[in-house]
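Under UniProt numbering, the very last position in the sequence shown is 200; numbers go up by exactly one each time.
Each residue gets a CB set at the ideal place from its N, CA and C atoms; glycine is no exception.
From a predicted model like this one, the values you see are computed outputs, not experimental measurements.
Comments concern the structure below.
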Amino acid sequence: MKQKARYYSGKKDSAIEKQSAKAEVEAICPICQESIGTRNAEGIVEGWSILPCGHRFGSYCIKHYLNVVAEDRPSCPVCRQIAYHICGHPVLPALLRPNSSEGERIVEVSELLIQELQSSDCAYCQLGRASRRRSRKPASKWKAAVGLLRYLKLRPSQLLGRHRALAGPQTQQGPWIDPFPKPRDPEWERWWVTQEPSGA
């Protein structure tokens, strides 16, 4: 019996090397270019976070990026798809967990985030609205009726004056003024800093 000699070709080596190089590239944050899962210069170990468009970034980097661009219209640094809620505040990126297959995670998380983004305010605004509801005292029906009657008895000129006073001074907007709501306020800044990327 003749035995056939098996030869080991270098082609498999190059394929394995390509796969490992691809895995290394995929483990690098596109923003800071550092490996995910290792301690960076600030001493922070980043995990993966995902934006509604499906692009992945280091959790610390993308949150910092969205905070920096919060006054503008926050968007994905790769594809420029919107990354803000109806209220104008940036999206809190979703944290990717390593226990399910990557493709399924990205599709599921992306679909959930896009639906949430298009239909709701951010968690900060929702918390504020809930606390305002709790702090209001219900007015009696009598007081509400009296207030409405007083309002209806006013003459049209008084109504117009009252509405102008409530509206504040008239300002002219030019093309250089952006009517988009500015999300920056000190309370929001403090809240944003304390938030971790949401679990997916």
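DSSP on residue i, reduced to helix/strand/coil?
i	result
Arg-56	strand
Leu-95	strand
Pro-186	helix
Ile-50	strand
Trp-36	Looking at the sequence itself, residue 36 is Ile, so the reference to Trp does not match. In the structure shown, Ile-36 sits in coil (DSSP, three-state: anything other than H, G, I, E or B).
Ala-21	For Ala-21, the pLDDT reaches just 47, beneath the cut-off of 50, and the residue's location in the model is therefore unreliable, although a value from the coordinates is still provided. Reduced to three states, the DSSP call for Ala-21 is helix.
Val-78	coil
Val-45	strand
Ile-28	strand
Excluding sequence positions up to five away, which residues of its chain have a Cβ less than 8 Å from the Cβ of residue i?
i	result
Ser-49	Arg-56, Phe-57, Gly-58, Ser-59, Ile-62, Lys-63, Pro-93, Ala-94, Leu-95, Leu-96, Pro-197
Gly-37	Ala-27, Val-45, Glu-46, Gly-47
Can you name, in chain order, every residue of its own chain whose Cβ lies under 7 Å from the Cβ of residue i, other than the five neighbours on each side?
i	result
Tyr-124	His-89, Trp-188, Trp-191
Ser-35	Ala-27, Ile-28
Tyr-65	Ile-31, Pro-77
Going by CA-CA distance only, name the one from the options that's closest to residue i.
i	options	result
Asp-185	Glu-71, His-85, Lys-143, Gln-33	Glu-71
Asn-67	Leu-51, Asp-121, Gly-128, Val-91	Val-91
Cys-87	Val-69, Tyr-65, Gly-54, Asp-121	Asp-121
Cys-53	Ile-82, Val-193, Val-69	Ile-82
Quiz item: Within the chosen definition, does the segment 68-87 reach the segment 42-49 through at least 3 CB pairs nearer than 8 Å?
Solution: no
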